[in-house]
Amino acid sequence: MADLTTTFIGITSPNPFWLASAPPTDKEYNVRRAFQAGWGGVVWKTLGAEGPPVVNVNGPRYGVVHGADRRVLGLNNIELITDRPLEVNLREIKSVKRDWPDRALVISLMVPCDEESWRDILARIEDTGADGVELNFGCPHGMAERGMGSAVGQVPEYIEMVTRWVKTHSRMPCIVKLTPNIADIRKPAEAAKRGGADAVSLINTVNSITAVNLDSFAPEPMIDGKGTHGGYCGPAVKPIALNMVAEIARSAETRGLPISGIGGITTWRDAAEFMALGAGNVQVCTAAMTYGFKVVQEMISGLSDYLDGKGFAATSELVGRAVPNVTDWQFLNLNYVTKAQIDPDLCIGCGRCHAACEDTSHQAIAMGPGRVFTVKDEDCVACNLCLDVCPVEECITMRELPEGAVDPRTGRVVAGYANWTRHPNNPMAREAAE
Amino acid sequence: MTNSQLTPGIVPGRLSPESYAGNFADIAPPLDPHEVQVAADRCYFCHDAPCVAACPTAIDIPLFIRQIATGTPEAAARTIFSQNILGGICARVCPTETLCEGACVREAAEGRPVAIGRLQRHATDRLMARNAHPFPRAEPSGKRVAVVGAGPAGLSAAHRLAMKGHEVTLYDARPKAGGLNEYGIAAYKVAGGFAQAEVDWLMGIGGIAAKPGTMLGRDITLDGLQAGHDAVFLGLGLGGVNALRVEGEDMAHVLPATGFIRELRQAADLAALPIGRDVVVIGGGMTAIDAAVQAKLLGAETVSLVYRRSRAAMGASVVEQDLAASKGVRIICNAAPLQIIGNGAVAEVEFAYTGEVAPEAGGRPGLQLLPQTFRLRADQVFKAIGQTLDEMPKGLALAGGKIAVTGPGRTSLAGVWAGGDCAAGGDDLTVTAVAEGRDAAEDIHLFLTGSAAHG
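Here you go:
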């Protein structure tokens, strides 16, 4: 078993799996159960400023998108930050950290956008023994209407300013949590870095309406006939999150900035993918909210086995390994030619590849007598759609044409690497040549 | 309860009231809503789907399953009924394992097909529960059509003709409509009086006048029908049964299995129905299975189903064979009856084992009796070795003992169509009879509206 001990911005935890700031980390009771189950760390549910706590709705807080057999594919929520008194949270944080010194305990914070408020809250948490703070600039609902959460996260100048205040008034490591509800995720990350953040964490939830009730004509979750946008999370948002993590990991301005990966991580494999794209550790919420805290045990054994299989001694050897292979479209090899091929022994004859290709793509899959499906190499552009819709694993694969072979579709000989930047059809390339 | 399974002879009341109720309850109860979702979700929505090709009525199965999956079971039911107005009973009695589900790609992939039959039942039940008829009737055409036989073929033809606006008179020799569905199928497949409920619902299209208790050749003639109608459809079924042709066949308690099933289906009180302690069923088709299983469920101590060929050659599907075995029916293959032994009433049946010899002209191997024999005790013997067409009106050409037809059920007589078991071709399945009735009705419609040749 590989040792999963991970040190992230100086905070060491027995594994890279932290619970994200969310309902599962709102109370001592939950956090103790999480640590007992094996979670490496938690980011305590966001604390607000001193004074009367926020209030939550008393109707549904969550909306859901189900897959087959009611599998939770996506969850959205309209819950606000902690609605428990600050003193209670602080007391509990201190108590838990005292009993679980080996686990990471980071406190999420969200207070009004003035230096005074931030200095006050930082002073209040100083003696809890917590390992760090995470600035909640991501929450897209409710708090954003009051100028906090994603209202800050959508303005890079605010991020930089608040981060600087935090670093000025606290010696704690500081993670800035980013909202995905923005056009270019690199901008807030750059701002956080400029402000002195030790790391960024992303993504927070995506603005969303999960469903519309077609009888009452209101969005779900519905509160007394009305609904509001909530924050979307769970497996459905993972591809969005992976891209945003990769963008920060490979950008010249933010390269090397530690990243805590968040967004639909459900299994060890999801976690490994985030880490390969540059996340130093990961945070999980929906998987725990769907299955309970025990899911971490599969993540631990799975990641450990994977590291062993790859001969990696530590998670740090995995982190960022895929980053060099994330590139711009213009650098993709246009002379890389593949063709779909269908394994007739594995084919069960459903014909989805044919329907997809015939109706919506390139008419490159023939349906012969006896429901035998074959790829027409002369028409196949290797789009991969057939493989994607095939219900049988490995039935359709992409075969690479070797250099020197003739592509039956174009009649051209497969040559070595060449990309768009030098392609004759590229007006920019022509200008460069002239 | 004075009798038990061990009481000698043929007696009623071998079981407790609860046992009768349990034994004859719905054998495949409806899926619950979540089961429906899970089952529907498994459909791959195949292109030009093999299940549709395997369905004699060509129901658009992927479409109706998708309609179920998206929460519109009544739309699913309309998809089903537009092809097969008896989709409710077909969902219950079709040997789906050899038809749609046998062709399902998930059967090929993992040996577990999409539960098409049970999903079809879900959809059809939902719409029929409202007693809503899904189709409007066309403007009256002024044409009159006689449909003889209110079984699956006749009902299907009558409905389609009525829907097209024609006036249909639906004759049947028996007191109730439904044919095989009402009289010839195991009770546990159509629990809750489904067959009659379905007939009532089907008649909701309007324009069909039922004439029960009216038999062709006894109460009406084909000539008379032709004279009084613009077209005639014959969906008579098969009224006769094949004889065993062995010594002792005329002894008491040696009876057609079809009669036993009919009586059971019409019995007001199953506990009052006498059954032997030892029952022998001869045959290997669905009727044999239905008789054997129900004999066991009525409390017979031993029920043996004896078939002259191999298990693989049985007309009953593997699912039906397994059902029989699970209910305690002993299936003996490769054995043919030699003689029925008894003193006025059957007491034993002697069988000889059989061996295969070179194929007959039709391709099936011939059989020869081997020297090894055995005897089975029997209070009752039910014969289920095939059914035959009753005597037909003159002028109607026959083929292979059935009414000869070309194309969509056109007989040798102008203006007369036939379909279902009485017509040549086909495969003795309810669903095939429905398809033939429907297609003949479409052809009749073309004829009546002046655009087809079979006049």
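One line per chain: the protein sequences are G and Y, in this order.
One rule links them: number in our numbering = place in the first sequence (from 1) + 2.
One rule links them: number in our numbering = place in the second sequence (from 1) + 328.
Just so you know, even glycine gets a beta-carbon here, dropped at the ideal spot from N, CA and C.
Check your understanding: Quick one: any contact between the stretch 371-379 of chain Y and the stretch 416-435 of chain Y, if contact means 3 or more CB pairs under 8 Å?
Key -> Yes: the two stretches touch, three or more of their Cβ pairs being nearer than 8 Å.
Check your understanding: Starting from G:E482 and walking both ways along the beta strand (DSSP E), at which residues does that stretch end?
Key -> Outside the displayed range of chain G (3 to 436) lies residue 482 of chain G, so it cannot be described from this structure.
Point to revise | Minimum Cβ-Cβ distance from Y:H362 to chain G less than 9 Å | key: Looking up residue 362 of chain Y in the second sequence gives position 34. Closer than 9 Å: yes.
Point to revise | Beta-carbon proximity list for G:M301, same chain, < 7 Å, skipping 5 on both sides | key: Here residue 301 of chain G refers to the residue found at position 299 of the first sequence. So the qualifying residues of the chain are F19, T269, W270 and A273.
Point to revise | chain Y within 9 Å of G:H356, Cβ atoms only | key: Here residue 356 of chain G refers to the residue found at position 354 of the first sequence. Closer than 9 Å: yes.
Check your understanding: Just to confirm, are Y:V647 and Y:P423 a CB contact at a threshold of 9 Å?
Key -> What you label residue 647 of chain Y is simply residue 319 of the second sequence in a count that begins at 1. What you label residue 423 of chain Y is simply residue 95 of the second sequence in a count that begins at 1. Contact flag set, yes.
Exercise for review: Step through the CB atoms of chain G and report whether any lies within less than 9 Å of the CB of Y:P336.
Suggested key: On the second sequence, position 8 is the one that residue 336 of chain Y refers to. With 9 Å as the cut-off, Y:P336 does not count as an interface residue toward chain G.
**Study point:** Any C-beta of chain G under 9 Å from that of Y:D388
**Key:** Translated into the one-based positions of the second sequence, residue 388 of chain Y becomes position 60. Cβ-Cβ to chain G under 9 Å: no for Y:D388.
Check your understanding: What are the boundary residues of the beta strand (DSSP E) that Y:P378 is part of?
Key -> Translated into positions along the second sequence, residue 378 of chain Y becomes position 50. Note, Y:P378: premise wrong, no beta strand (DSSP E); alpha helix (DSSP H) at P378 to A382.
Check your understanding: At a Cβ cut of 9 Å, what residues of the stretch 358-385 of chain Y count as close to chain G, listed as they run along the chain?
Key -> H362, Q365, V366, D369, R370, Y372, F373, C374, H375, D376, A377 and P378
Point to revise | G:M291 - containing alpha helix (DSSP H), residue span | key: Numbered from its first residue, the first sequence carries residue 291 of chain G at position 289. Run containing G:M291: T288 to Y293, per the alpha helix (DSSP H) assignment.
**Study point:** Collapsed DSSP secondary structure at G:V56 in the structure displayed
**Key:** Counting from one through the first sequence, the residue named residue 56 of chain G turns up at place 54. Coil.
Review point. Excluding the five sequence neighbours on either side, which residues of its own chain have a C-beta within less than 8 Å of the C-beta of G:I13, listed in chain order?
Key: For the purposes of this step, residue 13 of chain G is taken as the residue at position 11 of the first sequence. Result list for G:I13: G43, A106, V108, D133, G134 and P175, in chain order.
Check your understanding: Per DSSP, which one or two residues make a beta bridge with Y:A538?
Key -> Here residue 538 of chain Y corresponds to residue number 210 of the second sequence, with the count starting at 1. In DSSP, Y:A538 forms a bridge with Y:L498.
Review point. To which residues of the same chain is Y:K624 closer than 6 Å at the C-beta, ignoring the five residues directly before and after it?
Key: As a first step, residue 624 of chain Y is located in the second sequence; it is residue number 296 there, counting from the start. Closer than 6 Å at the Cβ level, and outside the excluded window around Y:K624, lie V631, K655, G656 and V657.
Review point. Would you call the stretch 279-294 of chain G and the stretch 232-247 of chain G in contact, with 3 or more CB pairs under 8 Å?
Key: yes
Check your understanding: So, using beta-carbon positions, are G:G255 and G:A191 closer together than 9 Å?
Key -> Locating residue 255 of chain G in the first sequence gives position 253, counting from the first residue. Locating residue 191 of chain G in the first sequence gives position 189, counting from the first residue. Here residue 255 of chain G is Glu; the residue named in the question, Gly, does not match the sequence. Yes, these two residues count as a Cβ contact at 9 Å.
Check your understanding: Under 9 Å between C-beta atoms, does Y:A443 make it to chain G?
Key -> Translated into positions along the second sequence, residue 443 of chain Y becomes position 115. It does not; no Cβ of chain G falls within 9 Å.
Review point. Who are the Cβ neighbours of G:I261 in its own chain at under 8 Å, not counting the five residues just before and after it?
Key: Here residue 261 of chain G is taken as the residue at index 259 of the first sequence, counted from 1. Leaving aside the five residues that flank G:I261 on each side, the residues in its chain whose CB is nearer than 8 Å to its CB run, in chain order, A201, V202, S203, L204, V247, I250, A251, G280, A281 and G282.
Practice item. Alpha carbon to alpha carbon, how far is G:H231 from G:N209? Give it in angstroms, no decimals. Key: Residue 209 of chain G sits at position 207 when you count from the first residue of the first sequence. Residue 231 of chain G sits at position 229 when you count from the first residue of the first sequence. Their backbone Cα atoms lie some 6 Å apart in a straight line.
Check your understanding: Does the Cβ-Cβ distance between Y:V518 and Y:V674 come in under 9 Å?
Key -> In the second sequence, the residue the question calls residue 518 of chain Y occupies position 190. In the second sequence, the residue the question calls residue 674 of chain Y occupies position 346. Cβ atoms of Y:V518 and Y:V674: not closer than 9 Å.
Review point. Apart from the five residues on each side of it in sequence, which residues of its chain come closer than 7 Å, Cβ to Cβ, to G:G406?
Key: Taking the first residue of the first sequence as position 1, residue 406 of chain G is located at position 404. Cβ neighbours of G:G406 beyond the five flanking positions: V415 and V416.
Review point. So which residues of chain G does Y:A436 contact, with C-beta pairs closer than 7 Å?
Key: Numbered from its first residue, the second sequence carries residue 436 of chain Y at position 108. Those within 7 Å of Y:A436 in chain G are I350 and G351.
Exercise for review: Please classify G:K296: does DSSP put it in a helix, a strand, or coil?
Suggested key: Residue numbering aside, residue 296 of chain G sits at position 294 when the first sequence is read from its first letter. Note: G:K296 maps to coil in three-state DSSP.
**Study point:** Candidates G:G353, G:L387 and G:S303: closest to G:K341 by CA position
**Key:** Sequence index remark: in the first sequence, residue 341 of chain G carries index 339 (1-based). With distances taken between Cα atoms, G:K341 lies closest to G:L387.
Review point. Does any C-beta atom of chain A lie closer than 9 Å to the C-beta of Y:V527?
Key: Protein chains G and Y are contained in the structure displayed, whereas chain A is not.
**Study point:** Selected residue, minimal CA-CA separation from G:W46, among G:G40, G:N335 and G:L88
**Key:** Along the first sequence, read from residue 1 onward, the residue named residue 46 of chain G stands at position 44. When each option's Cα is compared against that of G:W46, the closest is G:L88.
Check your understanding: If Y:A600 sits next to Y:P340, beta carbons under 8 Å apart, how far is it from one beta carbon to the other, in whole angstroms?
Key -> Walking along the second sequence from the start, residue 600 of chain Y turns up at place 272. Walking along the second sequence from the start, residue 340 of chain Y turns up at place 12. Yes, they are in contact, since the Cβ atoms of Y:A600 and Y:P340 sit about 5 Å apart, within 8 Å.
Point to revise | From Y:R440, Y:A515 and Y:G714, residue whose alpha carbon lies closest to that of Y:N570 | key: Counted from its first residue, the second sequence places residue 570 of chain Y at position 242. Selected option, being the one with the closest Cα: Y:G714.
**Study point:** Option in G:T288, G:V325 and G:S119 with minimal Cα separation from G:W27
**Key:** Residue mapping note: residue 27 of chain G aligns to position 25 of the first sequence, counting from 1. The amino acid at residue 27 of chain G is misidentified as Trp; the sequence shows Thr. From the listed residues G:T288, G:V325 and G:S119, the smallest Cα separation to G:T27 is found for G:T288.
Exercise for review: Look at Y:G325 and Y:A727 and say whether their C-beta atoms are less than 9 Å apart.
Suggested key: A question about residue 325 of chain Y goes unanswered here, because the residues of chain Y that appear run from 329 up to 783.
Practice item. Using the Cα positions of G:G140 and G:P404, report the straight-line distance between them to the nearest angstrom. Key: Within the first sequence, numbered from 1, the residue matching residue 140 of chain G stands at position 138. Within the first sequence, numbered from 1, the residue matching residue 404 of chain G stands at position 402. Approximately 47 Å, taken between the alpha carbons.
Exercise for review: May I ask you to report which of helix, strand or coil DSSP gives G:Q285?
Suggested key: For the purposes of this step, residue 285 of chain G is identified with residue 283 of the first sequence, where counting begins at 1. The answer is strand: DSSP assigns G:Q285 an E or B state.
Exercise for review: Return helix, strand or coil for Y:T734, following the three-state DSSP convention.
Suggested key: Here residue 734 of chain Y refers to the residue found at position 406 of the second sequence. Three-state result, Y:T734: strand.
Practice item. Determine, using beta-carbon pairs with one atom in the stretch 487-502 of chain Y and one in the stretch 533-545 of chain Y, whether at least three such pairs fall under 8 Å. Key: yes
Practice item. Grab the span of the beta strand (DSSP E) containing G:H68 for me, first residue to last. Key: Position 66 of the first sequence, counted from the start, is the residue given in the question as residue 68 of chain G. Unbroken beta strand (DSSP E) run through G:H68: Y64 to H68.
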